[in-house]
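Here is the structure we will look at.
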């Protein structure tokens, strides 16, 4: 029971000190989340209140089911972009069908996460390699920033891929609204400055570090307040500045996601990708924060927690959510000790939804766009290209393909091609296992690569050390290799396979070994195995390979060397 | 030059003894191939002469480009079935479009094989695991045998999947032609008897073994002769017995395969599958036979040889071909020493195509169907289910899925699902690497699994031996594992990763190790590496992991144990 309801764990020892810490963290996070939630809703193509709603029920549900003490769940940039891409395929932005499809997407995503958690299938997130994730997040950051330029310019332009967006911006550039542009540029410049320079500036003025931190985090709020006042005082919406407009003054509504088979069919794959990307983002934040306090995250229970959060979003007018990096770090730094901090944040946002929404009427969308641009440019990290290039060409290929396909074709194609390419390249590498010919290091019982060390060998005895598990993609390679070596080296009478690095032998490899055994027998050559690991030998013991082995199984390579040398001496 | 034209190799030393051996082998193989070629053409849905044409030019071209001395190239059962399935999708059987599409399929298949060979990409054949191939061949054998029952019954029934075929046979069962059925049953019974019992019977009669062998192999020829005579003498075709009919009396014609983009688009994937399945079948026969004479096969050159053979088939009225198991073994057993035996076989078949075809007019298709049924039931090997069940559940799953999908959905879906499943299960296994906690075997410098051996451990020092290369599918698993162990064992001050079985570390795993290092540092725990292999260390040396490692890299695990114990002693 406590495994599925972690709240029973921390709830038991909750005390006044934790309450104080959690309340302080909640106030700070709430202030930060109001503009962020509105902005991400805009990015997802949804009305602004959807962003606030998506931050209330999900946070509460995660507090009950999640295992991280500091994770803050809600709308995040990349998932908002993926939502816009997926929902945009089934409905036009601004229609009732669009908002409803976003609910369906959240419901599907919640169901998928919940199912993966209950079936303990979290490992499928591992199919996303780090280079693919980094490439995808970088490309998404670029796409998101570009998509917001139209709000800064005050023009109407669409497009899902980078070239489409740029072409759209170019076409409509003449329609730029100068007042909107001024607001957008000032807000962006201020936010960049606040992000980089505000804290040191405040420190120089003698502000205590904690306060400086809070003020820095409140930068977006300041931008929101100032630009909203500017619009109201100078009546700028009459001059064409787009504003948020009427936001309903209400608690999150109860909504029912549409679940028609046709809609589910079209949204199932995007929901799966959103679930996995969201899970990966969330779990890495959660683990980093947990480690700082020597706490533990249970990945399968995290799937359940995030699943519950997404189902919560689906039934309360939200859209897909996950654990966000920025908000979780703020929550942690502000001293949140338990998920109760999240619950208090939810209460804060509920109050805001009821009391503050009228004040948001004159908020310019350009300010929200500026918030998004400044936030997502922090995600763009092209250094991953340089790092992977230096470390491994295969990983570099995966990163660059993911970035290119995401920018040029779309987010789903980007993830899919990255995953496909990683798997293919892994199999390609595994299909060329490192096989070293080894010899005895004189005066020891150790065997080393003949090309790297000065070792004793015999022209009658060929010893190969296979540095890879044997399975279908490399089984036949070993057949070719042995056949080539034995036909080249006419004096060879015995082949020893040293299996110290062979962690598994699948059925294909077993059959290949049987074929090798048979062929070597036909050539009058013995096949021996040495240093076979326990679990591998347990399996092989009952097979025809061992029964019909044209040679012996030696515990150590030195035993093999000694016995086969003696053998040869006897023959000679 | 000699690499791409192996004929230059063996042609140089060709002599009278080889000539005699090759001529004898050619006569035997020719006699065997006449009925077999007709039968496989029937299976592929093509006119009978296509089978003979497909055995002439391809054999000659393979003799020039192939590396196997004994491989006999031509139509084979599985490829004929796949041809029927692929071509049946784009044209109706019996039309000119059907025969022309078969040429296109051969041309595409030849082009693909040639390309794979020139680019040295033969490794993609390794993606077909042995269980998938066995399952596919078994299921194909069942499909083929079932597809021939309509000829035995003398009825008209279609269907591509097993249930469709059975339903078709059931529906038309009332139309069975009794005379055809008698011929079919007698031929089938005779062939089964000849296959199993003829050789021992002849041996008892004192026939020399070689002659007994030849007579056994000539069983299908006897069935052809006897049933053809029966039709002619008793005028059975007037009683509804379907016969081969008019076969043009000519050498292989020059044909041009249609290469419209639309046809190529629809046949490209089947051609790829046919190429790979054909290549895998051919190379395993070739390697088995080569080993018997300590000869070598070059897989990349084999691709070129088979590619040339298929291109030859495309331009001479044939259809996709590959190296056949039965015919190659007969060729080898009959004493063929060089590919010249194949060339003589081609001449024999050319003579047959010109001189013998009128004699085939009255050959009942039921006899050909019997030939196919007896041949393919030899391919059906359901024991693979039992063997894989005993050895590995994952391999069993792959076999059974491949068999089920091939029978119930179709040949292409069968291969594709088998390959997909093998890759997924391989990644799943790799995602749960074996990680052993190890301790010191007292009195030695060896470290062993604490669960399997009586070893010395320390509650401050956690040593994990990772028995798998670290890459994206298992990188995060290690993060979880270490975080769990360290949060459980509060006294742990140092973690050592013993990397003796880690053959590679990809970029994802590198980042996971960096995250582990960072998190352990946050918990005040040291991270050390031991026994890192040379090539792995070469890569890691320049990374942030090693620069910022919160601990040391030890050459041996014993060094790590000694140093960290001393450390602890000093602290205490």
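Protein chains in written order, with our numbering: chain Y, 1 to 572; chain D, 1 to 572. Beta carbons: idealized from backbone N, C-alpha and C, even for Gly.
Asked                                                                                                                   : Found
Residue span of the beta strand (DSSP E) that contains residue 114 of chain D, given as start and end                   : Careful: residue 114 of chain D lies outside any beta strand (DSSP E), inside the alpha helix (DSSP H) at 96-118.
First and last residue of the uninterrupted beta strand (DSSP E) at residue 447 of chain D                              : 447-449
Residue 172 of chain D at chain Y interface by Cβ criterion, 8 Å                                                        : no
Span separating the alpha-carbon of residue 264 of chain D from that of residue 109 of chain D                          : 11 Å
Close beta carbons around residue 532 of chain Y, own chain, < 8 Å, minus the five adjacent residues each side          : 499, 502, 540 and 553
Span of the beta strand (DSSP E) around residue 463 of chain Y                                                          : 461-466
Proximity of residue 405 of chain D and residue 85 of chain D at Cβ, strictly below 8 Å                                 : no
Listed by chain order, chain D residues near residue 131 of chain Y by CB distance under 9 Å                            : 472, 506, 507, 508 and 511
Distance cut-off 7 Å: residue 457 of chain Y Cβ against heavy atoms of the ligand PLP                                   : Judged by which ligands are present, the structure shown has none, so any question about the ligand PLP falls away.
Continuous alpha helix (DSSP H) assignments of at least 4 residues falling wholly in the segment 310-376 of chain Y     : 325-333 and 340-355
Minimum Cβ-Cβ distance from residue 476 of chain D to chain Y less than 8 Å                                             : yes
Close Cβ partners of residue 457 of chain Y (< 7 Å) along its chain, the five nearest in sequence each way excluded     : 439 and 450
Check whether residue 306 of chain D and residue 322 of chain D have beta carbons under 8 Å apart                       : yes
Chain Y contacts made by the segment 407-432 of chain D, where a contact means CB separation under 8 Å                  : 422, 423, 426, 427, 428, 429, 431 and 432
CB contact flag (residue 357 of chain Y, residue 248 of chain Y, <8 Å)                                                  : yes
Touch test, the segment 383-391 of chain Y against the segment 143-156 of chain Y, Cβ-Cβ under 8 Å, three pairs minimum : no
Interface flag, residue 392 of chain D vs chain Y, CB-CB below 8 Å                                                      : yes
Pair within 8 Å by beta-carbon distance, residue 50 of chain Y and residue 99 of chain Y                                : yes
is_contact[residue 528 of chain D, chain Y] using C-beta, thresh 8 Å                                                    : no
Contact set for residue 367 of chain Y: own chain, Cβ-Cβ below 7 Å, skip 5 residues either direction                    : 183, 187, 223, 224 and 227
C-alpha distance - residue 282 of chain D paired with residue 63 of chain D, whole-angstrom precision                   : 14 Å
Rounded separation between residue 446 of chain Y and residue 330 of chain D - CA only                                  : 48 Å
Short CB-CB distance (under 8 Å) between residue 531 of chain Y and chain D                                             : no
Below-8 Å beta-carbon distance, residue 557 of chain D vs any chain Y residue                                           : no
Reduced DSSP secondary structure (H/G/I, E/B, other) of residue 572 of chain Y                                          : Residue confidence is low: residue 572 of chain Y scores 45 on pLDDT, short of 50, so the model does not pin down where it sits. No coordinate-derived value is stated.
Through-space distance from residue 138 of chain Y to residue 379 of chain Y, alpha-carbon basis                        : 6 Å
Beta-bridge partners of residue 494 of chain Y, as assigned by DSSP                                                     : Y:461 and Y:526
Collapsed DSSP secondary structure at residue 554 of chain Y in the structure displayed                                 : strand
Classification of residue 4 of chain Y by the beta-carbon crowding that lies within 10 angstroms, buried from 16 upward : exposed
Option nearest residue 34 of chain D by Cα separation, candidates D:250, D:106, D:48 and D:43                           : D:48
8 Å Cβ cutoff, residue 386 of chain Y in contact with chain D                                                           : no
is_contact[residue 6 of chain D, chain Y] using C-beta, thresh 8 Å                                                      : no
Contact with chain A by residue 148 of chain D, beta-carbon distance below 8 Å                                          : The chain inventory of the structure shown lacks chain A, comprising the protein chains Y and D.
Collapsed DSSP secondary structure at residue 278 of chain D in the structure displayed                                 : helix
Per-residue burial, residue 292 of chain Y [other beta carbons within 10 Å of its own, 16 or more giving buried]        : exposed
Separation of residue 131 of chain D from residue 350 of chain Y, as counted between CA atoms                           : 58 Å
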